[in-house]
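Below is one structure, written out as structure tokens, with a few remarks after it.
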Amino acid sequence: MKILVVGGGGREHALVWKLAQSPLVETLYCAPGNPGIARLADCVHIPADDIEALLDFALAEKIDLTVVGPEVPLTLGIVDRFQAAGLEIFGPNQAAARIEGSKSFSKDLMAKYAIPTAAYRTFTERDAAVAYIKAQGAPIVVKADGLAAGKGVIVAMSMDQAIAAVDDIMLDKVFGAAGASVVIEEFMEGEEASFFAFTDGRNILPLASSQDHKRAFDNDEGPNTGGMGAYSPAPVVTAALHDEIVATIVKPTIAGMASEGCPYSGILYVGLMIKDGRPRVVEYNARFGDPEAQPLLMRMKSDIVPVLQACARGDLRQDSIKWHDKAAVCVVMASGGYPAAYTKGFEITGLDNVLAMDDVMVFHAGTSLENGRVVNTGGRVLGVTGLGRTVAEAIACAYGAVAKIHWKGVHFRRDIGRKALNR
Ligand code: AMP
Ligand code: GLY
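Just remember that the numbering used here sits 1 ahead of the position in the sequence shown, which is counted from 1.
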């Protein structure tokens, strides 16, 4: 088979790495890819959101299956365009991708199908939103309705901060059209976890548990980021909780999307808040998590190609995935200053020292090649992922590799996975 992966971050490097091991795959392309991906796939210079150029490429190369990593092409309708041209593609269509692309759509879905989540209201007028915040009090959460590159959520600890967030979004339009309406939501306490399930629109195939680390600094302090590290399995998701998540959240979500006339196929990402052993939905995403994909795919033993194909064809019959017994921990190495303005263009040293390490993969996210040297160019630069018999051993393995890699300004958290050890 010829497979095209769309995207160029750590998640797509992990997808390409996993796909490359399938005996079903003859040729792998990635658009646009990155220097790490280029070791495993032919990188094509097409941006992930240039749908017409991607379609032309896929038709010309007779691609058998396209796998979409990021949310933007999904919300722009890449799946609809490829399917209309008779091409097989993994991911939700534009109507179904609203589950991530519109917070009011996803909140209304959860309300209608009694899926546990925070209480909320949607506003299109600033004064009404401010009056609601004053009536509810703080802490309270303000969300731009549309996609805002992961920055549209403000967890406000005071009413003033919440009102300022509404003004930023609705009056100053800091997120552009994504802020034409806002969702104002109850603040939920608890521990977060990420839950993923493959689905063909009817049948579901849950993945192993995982947990992200969203804050920039140790002990979950500092600003929110795209994710500073992840691990799997996550002991906060017990076997009983796994079953409850499937029964009370994943199944009604997939059934609800079908009832709404927009069946969801692809991988569903449910961001959860767990309090006193009960799960509630923080948000949905229409794609694999980044960095959760890195540890999950390193642990996945089953071939991924038949699963992706079955989802794309609406014929998912497989009812379980085989996982390696080992735990996996991914430590994100970021550019100095991230998630604010960051320093870039510095040579990354030590990558070759890590190539020889067993049980370690360095997934590239924000790197470029300049005159034969690998330099940091993105906010999140590398996802250094290690395996171990226990989470503790996987932590030691990943940080052993991190210690060998360096560039000027590099920043990473030193406590990835510690939550699992505290249980
Ligand atoms: P998102 O951009 O939707 O991933 O949200 C970013 C982060 O904001 C989440 O991972 C949570 O840490 C936090 N968050 C979002 N909604 C809530 C909520 N209702 N209560 C508490 N924290 C929240
Ligand atoms: N790990 C957070 C995300 O993929 O959105």
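In this text, a Cβ means the ideal position worked out from N, Cα and C, and glycines have one as well. Small disclaimer: the values here were computed from a predicted structure and weren't measured.
- Proximity of the beta carbon of P292 to ligand 2 is indicated: a heavy atom of the ligand is located closer than 7 angstroms.
- DSSP assignment within the segment 222-263 yields the following whole beta strand (DSSP E) runs of 3 residues or more, N-terminal first: 222-225, 230-233.
- Per DSSP, the beta-bridge partners of M274 are E193, R281.
- Listed in chain order, the beta strand (DSSP E) elements of length 3 or more contained wholly in the segment 90-132 are 121-124.
- Annotation: G102 to L352 spans about 36 angstroms, alpha carbon to alpha carbon.
- With a cut-off of 7 angstroms, the C-beta of G227 is classified as near ligand 2, since at least one heavy atom of the ligand falls inside that distance.
- With a cut-off of 7 angstroms, the C-beta of G177 is classified as distant from ligand 2, since no heavy atom of the ligand falls inside that distance.
- Unbroken alpha helix (DSSP H) stretches of 4 residues or longer found wholly inside the segment 328-365: 352-356, given in chain order.
- Cβ-Cβ distances below 6 angstroms link I396 to V330, G418 in the same chain, with the five nearest sequence neighbours on each side left out; the list follows chain order.
- Taking a contact as a CB-CB distance under 8 angstroms, the pair E187 and L273 does not count as one, their CB atoms being some 15 angstroms apart.
- Closest option to N204, judged by alpha-carbon separation, among G230, A217, A256, M171: A256.
- Taking a C-beta distance under 8 angstroms as the contact criterion, V45 and Y232 do not qualify as a contact pair.
- Contact between I185 and I141 holds: their C-beta atoms lie close to 6 angstroms from each other, under 8 angstroms.
- Between L422 and the set A235, V283, L148, the nearest pair of CA atoms involves A235.
- Residue range 28-33 is occupied by the beta strand (DSSP E) that includes Y30, with no alpha helix (DSSP H) assigned at that position.
- Inter-segment contact for the segment 290-302 and the segment 247-263 is absent: fewer than three beta-carbon pairs are separated by less than 8 angstroms.
- No heavy atom of ligand 2 is found nearer than 7 angstroms to the CB of G223.
- Beta-bridge annotation (DSSP): F188 is not paired with any residue.
- If you draw a straight line from the Cα of L242 to the Cα of I275, it is about 9 angstroms long.
- Taking the Cα of D320 as reference, the smallest distance to any Cα among G37, L206, Y400 is reached at L206.
- Taking 8 angstroms as the cut-off, the Cβ atoms of G151 and A179 do not count as close.
- In the three-state DSSP reduction, P307 falls in the helix class (H, G or I).
- Boundaries cannot be given for V175, as no beta strand (DSSP E) includes it and DSSP labels it neither H nor E.
- Between G70 and N35, the beta carbon gap of about 12 angstroms keeps them out of contact (Cβ cut-off 8 angstroms).
- Exposure of H325 is indicated by the presence of fewer than 16 other C-beta atoms within 10 angstroms of its C-beta.
- A distance of 8 angstroms or more separates the beta carbons of D219 and S195.
- DSSP, read as helix, strand or coil, puts W18 in helix.
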